[in-house]
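This report concerns only the one structure given below.
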Amino acid sequence: MNHWLFKSEPDSFSIDDLGKLAKQTATWDGVRNYQARNMLRDSIKKGDLAFFYHSSCAMPGIAGIVSIVRGGYPDPTAFDRKHHYFDPDSRQEAPSWFAVDVKLVSKFGRLITLDELRAHAAKKLQDFVLLRRGNRLSVMPVAKKDWEFILTLE
DNA sequence: GCCAACGTTGGC
DNA sequence: GCCAACGTTGGC
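Residue 155, in our numbering, is where the first sequence stops; the numbers in between run on with no holes.
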């Protein structure tokens, strides 16, 4: 089982929005970056766990945990002509973009803020992709040791 | 294949 | 709203 971090802008889709959905399950779609696409398509499997990260907001940080309940499959929004994420280059027989389904596992009692994660960067989270300068990946791997350390912060 | 221009991300 | 950093595009 592998660990991941998924970014979402809480103004569009927060961890509480996920919690309100039927079965607390949602399709993680709209990822339009090749590196992230490759992970969704090839590496993120049913049963994996991911941090739900709130980005582009007043208080960025990790809000909770989701599990992958369906592994990579062609992103339906890429085929939907009326959708904001429509991509005419993505074909049913050769999809350009991939999605997974996630289900809420837990919302943390408090947000583990980006500031707080940074404070540990020197000693514990040296390789954490999120903390790398200029990082823009919306889906990224989290090493098991980093995952477990972050859980102790909650 | 290079690289300048442009668009997007995301913290502040 | 600003801007640094990065990915993508397209002319050559």
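Don't be surprised by glycine CBs; every beta carbon is placed ideally from N, CA and C.
Within the continuous alpha helix (DSSP H) that includes residue i, where are the two ends?
i, result
"tryptophan 148", "145-154"
How far does the beta strand (DSSP E) with residue i in it extend, from its first residue to its last?
i, result
"glycine 62", "62-75"
Who are the near neighbours of residue i in its chain, counting only those whose CB is closer than 6 angstroms to its CB and skipping five residues on each side?
i, result
"serine 107", "Gly65, Ile66"
"serine 68", "Leu50, Lys104, Val106"
"isoleucine 16", "Phe53, Ala64, Gly65, Lys108"
Quick one: measure Cβ to Cβ for residue i and residue j, integer angstroms, because I've assumed they're closer than 8 angstroms.
i, j, result
"phenylalanine 99", "aspartate 81", "Incorrect: roughly 15 angstroms between the Cβ atoms, too far for contact."
"lysine 135", "tyrosine 86", "Reading off the sequence, residue 135 comes out as glycine, not lysine. 24 angstroms between Cβ atoms; not a contact."
"aspartate 102", "phenylalanine 129", "The pair is not a contact, with the Cβ atoms about 25 angstroms apart (cut-off 8 angstroms)."
If I measure Cβ to Cβ from residue i and keep anything under 8 angstroms in the same chain, skipping five residues before and after, which residues do I get?
i, result
"leucine 112", "His55, Met60, Gly62, Ile63, Ala64"
"methionine 40", "Trp5, Val140, Met141, Pro142"
"aspartate 12", "Ser57, Cys58"
Please classify residue i as buried or exposed, where buried requires at least 16 neighbouring CB atoms within 10 angstroms.
i, result
"lysine 8", "buried"
"glycine 110", "exposed"
"proline 96", "buried"
"glycine 73", "buried"
"alanine 123", "exposed"
Spell out the partners DSSP gives residue i in its beta bridges.
i, result
"aspartate 102", "Thr28, Arg71"
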